[in-house]
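As given, the protein sequences belong to chains A, B, C, D and E, one line each in that order. Counting in my numbering, the first sequence runs from 810 upward without gaps. Counting in my numbering, the second sequence runs from -12 upward without gaps. Counting in my numbering, the third sequence runs from 97 upward without gaps. Counting in my numbering, the fourth sequence runs from 94 upward without gaps. Counting in my numbering, the fifth sequence runs from 11 upward without gaps. Structure first, then comments.
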Amino acid sequence: MDLFNLPRRDWITFGLFALVVVTMPIWLTPLGASYPGLLQKFAIFAIFAIGFNILFGLTGYLSFGHAAFLGVGSYTAVWSFKLLTMDALPAIMFAVIVSGLFALVIGYLSLRRTGIYFSILTLAFAQMCYNLAYSVLTPITNGETSLQLTLQDPRVIDSALAARPEGLPSASIFGHVFDGFEGFYFCAALLLIAFFIALKIFSSPFGMMLRAIKSNQTRMNYTGFDTKPYALTAFVISGMYAGLAGALLAVTDPLAGAERMQWTASGEVVLMTILGGVGTLIGPVIGAWLIKYFENIFSAFNEQVLTRFFSFLPPEITEPVVTISSKFVGEGWHLTLGLIFVLVVVFLPGGIMEGVRRIGALFRRTTPPSAPAARPAAPTIQPAE
Amino acid sequence: MSAVTMDAKSVSAPFSAAASIERTVPLEAPFFAVKDVHAYYGESYIVQGVSFDIRHGEILALLGRNGAGKTSTLRAIARLDNPSLHKGEIWLDGQPLHKMKSFEAARAGVQLVPEDRRIIQGLTVEENLTLAQVAPGRGWELDRIYAHFPRLAERRRQEGVTLSGGEQQMLSIARALARDLKLLLLDEPYEGLAPVIVQEIEKILTEIKTLGITTIIVEQNAVAALQLADRAVILDTGEVAFTGTAQDVLDNPDLRQEYLAI
Amino acid sequence: MLNVIIGRLAPSRGAVVFDGKVLTGKKPHQINQMGVVRVFQTPEIFPELSVLQNVMAPAFAKRDGAFRINIWRSLESERGIEEEANHILQDVGLYERRSHHAGALSRGDKRRMELAMCLIQHPRLLLLDEPTAGMSRHDTNTTIELLKKIKARGMTKVIIEHDMHVVFSLADKISVLAGGRIIAEGLPRRVRRSEKVQEAYLGGAHRLEEATH
Amino acid sequence: MDAILAQLLNGLDKGGAYALIALGLTLVFGTLGVVNFAHGALFMLGAFCAVTFRQLITLETVTVDPTQLSAWGAPLEIRTPLAQTWFGDFGAVLVEYSVPFSILFAIPVMLVIGIAMERGIIKHFYKRPHAEQILVTFGLAIVLQEIVKAVFGPNPISQPMPTALRGAADIGVWIGLAPGAVSYPLWRLVYFLFSAGIIAAVFAFLRFTTFGMVVRAGMADRETVGLLGINIGRRFTIMFGLAAVVAGLAGVMYTPLVPPNYHMGMDFLVLSFVVVVVGGMGSLPGAVAAGFLLGILQSFASMNEIKQLIPGIDQIIIYLTAVVILLVRPRGLLGRRGMMES
Amino acid sequence: MTLITKGLSRRSVIKTGLAGIIATGVAPTIFTRGAYAQEFCNAPTGDTVTIGFNMPLTGAYADEGADEDRAYQLAVEHLNGGGDGGMIPTFSSKTLKGNGILGKKVVGVTGDDQTKADAARDSARRMIERDGAVMITGGSSSSVAIAVQGLCQEKGIIFMAALTHSNDTTGKDKRRYGFRHFFNAYQSGIALGPVLGEAYGKDRVAYHLTADYTWGWTQEESIKNATEALGWKTLAPVRTPVGAGDFSQYLTPVLNSGADVLILNHYGFDMVNSLTQAVQFGMRDKQANGKNFEIVVPLVSDLMAKGAGSAMQGIYGTSNWDWQLTDEASKAFTKSFGAKFGQPPSQAAHTSYVQTLLYADACERAGTFYPPEVIKALEGYEFDGLGNGPTLYRAEDHQCFKDVLVVQGKEKPANPFDLLQTVATASRESVTYDPAIFGGELGPDTAVAC
């Protein structure tokens, strides 16, 4: 069957990735990140970054407005909750479709330009969405207050099927409400599906076309390809990934705020992708995890935590160490993030995945006989090395 | 490297260590030397171990088919960023060019007149010439240039890029003369010019020859180049295929047929 | 001239007609889909892809048309196209290097690969812009042999070439252009004799004679 | 009519700020080919030069008197200003005119910061892809603003303008309208004149000096300028420093209008990139024209009459203009072909 | 499809009329108090109890956030028996003994809400899910308060809102698990109206510049109603984006609009900027309609007044509390805060501190951390001695009712913190309104396991 037809190597990648994702609640415990809220974020932003990488990593088009699709997905999902049902599946479906349509329109217009002009066009569209969501579209978006569930929501399907429950309902799937870790596993399942589709795209002729567009778009035209629909398809697919991520944000926490669409949010996914490694399969996921980890864990450190952490030091050293390190955590976590970016970009232009590859190469050099030969057909496909 | 016929001088090492430090070199000794130069455009291996040398005041024609690496060799000598020099030495009058950046090479006396002339947009004819005299090492004064190139004098206030092709070529050569130069590199000086203009440029180049400026000329029109040149080097896919006098090439139909297709 | 045919430049007047259809005004990919394929003077390739992928891509254009979302089949299960590509790579002598990065090839190899990229499309009209520039003598001869072989398969070709040796060993009909005009046209031996051609194109052969005397 | 005139003034004022920042950004892009996401941070650093200068000249000796308690229960502090003690009346003038004086302080500081930034980090990124330039300068911007936050705290620090320049000027009277018809804050007029002056100075510098000629030549064809023996890299480094000074001065003069805080640069960054692209990447006149154009458009779009006609237009006008211009004119208003298109 | 609350579904006895609306579906099952000790989210098990402090450490309201942080440190210290006890001795309820809450030592965890609804919910979730916070408090923007309040309702965690002034927080978006001590825009309008009428007369034309979101709209509405009742006319309001920085393009049209009063419905740094810029436009020296042009800022805080500097002098507004109040409780709090941090507390610090104490007290009185019981203890609670005089936590909407201060920017400050003077006090009775006017439903108090 074509659908599950993947090279063995990609299956291994997928298997390992699935194992890592499924066991996240375990191996993240010592890192203090094993609680549902953050785990869900890990899964959701990994989807977002994987989708973004399909556009940026494969075609080379740098979109600076991808958060708009995330926001559209969230709003659509919350509206599905409010109007129809608390079931997550229709919400996700609608979100993916609507954000796909948005991506189609914005992509169609933006892809008329290339390079930084494309980036600025996407940025401008996203900023327009953001500003309108904040002001004029308040009836749809509830402005700065964010779109939330209310007790007065019609929820026509739910009301027709069962008596209205007291209080605010939670998102569910076939009547089953997630608690924290179930919510994570639901997101993780979707992450695996999303990852699988990305794997398929990366190893398909379609993926090769996208890479060829990145490599030499003019040549693609003279080779007989109409590159516009290819780029547009990639744009729409990645917009749908963003919509899925947005929907999942709403499923795990039924609220949609305009700031999800702000350019800083779009910038964040760019950073995630580049930090992890553009054009690699795993890189964006790692980038997403790293940034979300920093944002949630580092920002929560304060001087008490640091004092406890450095308590093994002699007291006269502890204080200066705590003072200095406190500049890098808590409120100062952005400083750490900025420094990491600068260091990664200066020393590891290919992102973290390049670092992994370099280490891998070192390791291989020490054990030459087992060095695996490069895959003959596709040296540029670098999944999960 | 099948058809390499090196002359005796170029085989022997052109510089001893002592000579390389010496600033003034006797006329007979090689004034300029390229030793085993390898250069890359990105990942493409373009110049694959080229060596030759020139005596002071000599004109060398660098010939070869399209894509043989002639322009790349000139650019490598002028120390431009592309192609990047991976190996080899370039010596001009005792100065190690291979250790320099392009602006340092230019100060050391190398002047490249590029294939596409590279008149700078937005600058007048006069500004294009003044630009050459900003860095230390002035050559001809503007008056002398204008005396030699009256057409440029007429158009000194005009924007350089609006000149005709031949005038641009003159400006490009004049710009090189405005610097204190020891080695002139001419890349396709006749390319794309009408025959009348070609004659005019030829006249200028002949004049330059009489001034005794050491020159390397790359030209598609091999015959024209060989008429001007004292000696010739033929490149084939980035390697030296022949070194000899210009007359050797003209007298050897097989050589011409094989490497120059004339 | 080739740029006009393949749609890179638009002619101010006149039209390009191929097989009864007007090419002018068509987009480059449409022209390619009609079977007009070009080898560029400076190699136009996909430097980030492997040699094999470079050659496979045009085969997809031939098979699937200008646009098709082909996600569900893996690249490695496209056996037919891979074999065809391998075959052509053997023809041009790049089979051993099929998994190399195309960007790392030498200029001559890039040109041969580009030739392979065009041949895999079985074009009805093949435009060659100095196909042997940058190749060594030996490679040039190999390429001529290859082109002769293709000629035997009955493919129309237009060659732009400075190297008259190549031209005369391949062409059935020659047009000589100078300054944007056709100055001579016809069978090779007649063109060879034309004085205008000698003057404008062959590097002033009469001057050569003067100089050698 | 009066309202339109007032709004036009406001647009010119805003446009001046946009143009000034976009000018510096274009200068860096045109010379070094670097997309500098840290340019907003330079603007912010300029503003904090003014803050630092004022804090230095308003330094006070603080002595704590533990015997007396303030109204909120802390020991009473006795403060003596240093500037007045040392310089007397001049100290008072210095404090009064701290913002204009800090220009003198900001020029060398920004020059050094700019040159250090270029030599330290940006020079390694000339040949790297634009995406990496964006990332490294973005990271740099974060680092710079976080350092400022660590030193000056997260809150805006208001900078008083000189008393003489407070309040509004009755412009209407100058052009023969009724008194009070069109009045505009004096400092905003000063800001507009200042930005126009700086823009003119930058253009004059590039037009009429040899250094400027070399830089223009380098922007057009860096390689050839190198072939003529000019160390263009060093001159571009100085240009980076100058761009930093231009951004910094824009920041200094902006402080009395909006109290500076550590993230003010980021707020301006996106806007200034839109301005640069609308003007055409690498085109200095384009950047200036686009700056004024967008400033005026934004100002007019904020008028009630227009907002009632098209709700929300004031929020999106800049981006809408950018989209329209880029779709109609692919390279912006005055952009060059092929610049940044891949 | 039915809602299944994991763990247990249990409601307390219905007390209020409003709650009747919700009484559908599940029948109440009543257990004895001791039985449900472990059956709600984050029930404290060891000898400590964790409280989540969620405030803006970065962003536009960082100033307020920093002061809230100080207040929380102080509250934790006092609850655990440290320091001078602050307002604990003056508090009318005497349950707090300085031994933590119910004998468990209080531990605080902090999070940065970035003044963004999304980030605030993230941060609150982290404190609930990872750190085991049994109560969340903080926030200094109404949108954040409403967002976090919604989350807390879902998670069954009590949310003691700090600085939030929108009518919606205890109006249409009110929640059973959310409580607000701070006053609201409606009360500001009632308190401010008479003072404005007296100072500026009955014949005025007002121009509103309004922050374009829930709080701005409710405040604009409230002030419009209050001033129009005086006889003032209102021009079409102008909405400005939050965090605009430069408001000049919105201020320019004011001058030629025919208005003679400018009402700034802005908060935080937006207010600081719009006010100083309005003054730069010469609005305070201007004459319009034969009267002096005036500016009103309905909600002011001492921190904003500090930011605006001299621009604030003489301008009217309302405040929840001021450190210069002379009652025993205010003096005790100011002294305690001033001694520890070297500066007087802001109203943000005050409300944060009070909310923490009120929660602790409610737990003590309920004898448990079980949220439905704590909610019951807070609903309809009447107390005094926390700085605002006698105060009621109204059961219907979880809004506190107390006197509202009308303040004016001081012309000649005696010290850097002497910025506002109280010019009038609106009595608790006068600012009490019918909870029905804002609608909304509190929802159930069902405990939720996590």
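Glycine included, each C-beta is placed from N, C-alpha and C at the ideal position. Small disclaimer: the values here were computed from a predicted structure and weren't measured.
> Which of the three DSSP states, helix, strand or coil, is assigned to E:Tyr82?
Replying inline: Shown here, E:Tyr82 sits in a helix according to DSSP, grouped into three states.
>> According to DSSP, simplified to helix, strand and coil, what is C:Val112?
In response: coil
> Secondary structure at B:His279, three-state DSSP: helix, strand or coil?
Replying inline: Because chain B is modelled from -12 through 249, residue 279 of chain B falls outside the range shown and cannot be assessed.
> Quick one: which chain A residues come within Cβ less than 7 Å of D:Val236?
Replying inline: Leu1144, Gly1147, Leu1148, Val1151
>> I'd like to know if C:Gln137 contacts chain A, where contact means its C-beta is closer than 8 Å to some C-beta of that chain.
In response: no
> Between which two residues does the alpha helix (DSSP H) containing A:Ala1035 stretch?
Replying inline: In the sequence as displayed, the identity of residue 1035 of chain A is Asp instead of Ala. Per DSSP, A:Asp1035 belongs to no alpha helix (DSSP H) and is neither H nor E.
>> For a quick check, are the C-beta atoms of D:Gly123 and D:Gly379 less than 8 Å apart?
In response: no
> How would you call E:Tyr277, buried or exposed, if buried means at least 16 neighbouring beta carbons within 10 angstroms?
Replying inline: buried
> What does A:Leu1080 touch in chain D if you count any residue whose Cβ is under 9 Å from its own?
Replying inline: Leu228, Phe231, Gly232
> What in chain E is Cβ-close to D:Gly344, meaning under 8 Å?
Replying inline: In chain order: nothing, as chain E lies at least about 13 Å away.
> So who's on the other strand from E:Ile61, going by DSSP bridges?
Replying inline: E:Gly118, E:Met145
> For B:Gly231, which beta-bridge partners are listed by DSSP?
Replying inline: B:Ala219
>> Taking CB distances under 8 Å as the criterion, tell me whether C:Ser173 reaches chain A.
In response: yes
> Nearest to E:Phe101 by alpha carbon, out of E:Lys341, E:Val433, E:Leu313?
Replying inline: E:Lys341
> Given that a residue counts as buried once 16 or more other Cβ atoms are within 10 Å of its Cβ, and exposed if not, what is A:Trp836?
Replying inline: exposed
>> Please report whether the beta-carbon of A:Phe1055 lies at a distance below 8 Å from any beta-carbon of chain E.
In response: The sequence shown places Gly at residue 1055 of chain A, rather than the Phe named in the question. Chain E, which has no Cβ nearer than 8 Å to the Cβ of A:Gly1055, makes this no.
>> Judging by CA-CA distance, which residue of A:Phe813, A:Phe873, A:Leu840 is the nearest neighbour of A:Phe1103?
In response: A:Leu840
>> Checking 8 Å against the spacing of the C-beta atoms, do E:Thr68 and E:Gln124 come in under that value?
In response: yes
> Can you find a C-beta in chain D that's less than 8 Å from the C-beta of B:Gly29?
Replying inline: no
>> Counting beta carbon pairs with one atom in the segment 345 to 354 of chain E and one in the segment 53 to 65 of chain E, are three or more of them shorter than 8 Å?
In response: no
> Can you check whether the CB of A:Tyr994 is closer than 8 Å to the CB of A:Ile859?
Replying inline: no
> Quick one: complete beta strand (DSSP E) runs, 3+ long, within the segment 932 to 972 of chain A?
Replying inline: none
> Is DSSP giving C:Arg175 helix, strand or coil here?
Replying inline: helix
> I think A:Val1138 touches A:Phe1110, with their Cβ atoms under 8 Å apart; what is that distance to the nearest whole Å?
Replying inline: 4 Å
> B:Ser71 lies in the beta strand (DSSP E); which residues open and close that run?
Replying inline: 71 to 79
> With a CB to CB cut of under 7 Å and the five nearest residues on each side skipped, what residues in its chain are close to A:Val758?
Replying inline: With chain A running from 810 to 1194 in the structure shown, residue 758 of chain A is simply not present.
>> Does the segment 284 to 295 of chain D come into contact with the segment 107 to 122 of chain D, if we say contact requires no fewer than three beta-carbon pairs (one atom in each stretch) closer than 8 Å?
In response: yes
> With C-beta atoms as the reference, is E:His191 less than 8 Å away from E:Thr361?
Replying inline: yes
> Who are the near neighbours of E:Gly390 in its chain, counting only those whose CB is closer than 6 Å to its CB and skipping five residues on each side?
Replying inline: Ala405
>> If I measure Cβ to Cβ from E:Thr12 and keep anything under 7 Å in the same chain, skipping five residues before and after, which residues do I get?
In response: Only weak support is given to the placement of E:Thr12: the predicted model assigns it a pLDDT of 35, under 50, and the value that follows is read from those uncertain coordinates. Within the same chain, E:Thr12 has no close Cβ partners at all.
>> Tell me whether the segment 172 to 187 of chain E and the segment 443 to 452 of chain E touch, counting them as touching only if at least three CB pairs, one residue from each stretch, are closer than 8 Å.
In response: yes
>> Under 8 Å, Cβ to Cβ, is there at least one residue of chain B near C:Ala42?
In response: Missing from the structure shown is residue 42 of chain C; chain C here goes from 97 to 309 and no further.
> Looking at chain D, which residues of the segment 869 to 891 of chain A have a Cβ within less than 7 Å of any of its Cβ atoms?
Replying inline: Leu871
> Mind pulling the chain A residues with CB within less than 9 Å of C:His125?
Replying inline: Met1029, Asn1030, Tyr1031, Thr1032, Gly1033, Phe1034, Asp1035, Thr1036
> What three-state label does DSSP hand E:Ser329 in the structure shown?
Replying inline: strand
> Going by DSSP, which residues form a beta bridge with E:Ile273?
Replying inline: E:His218, E:Val306
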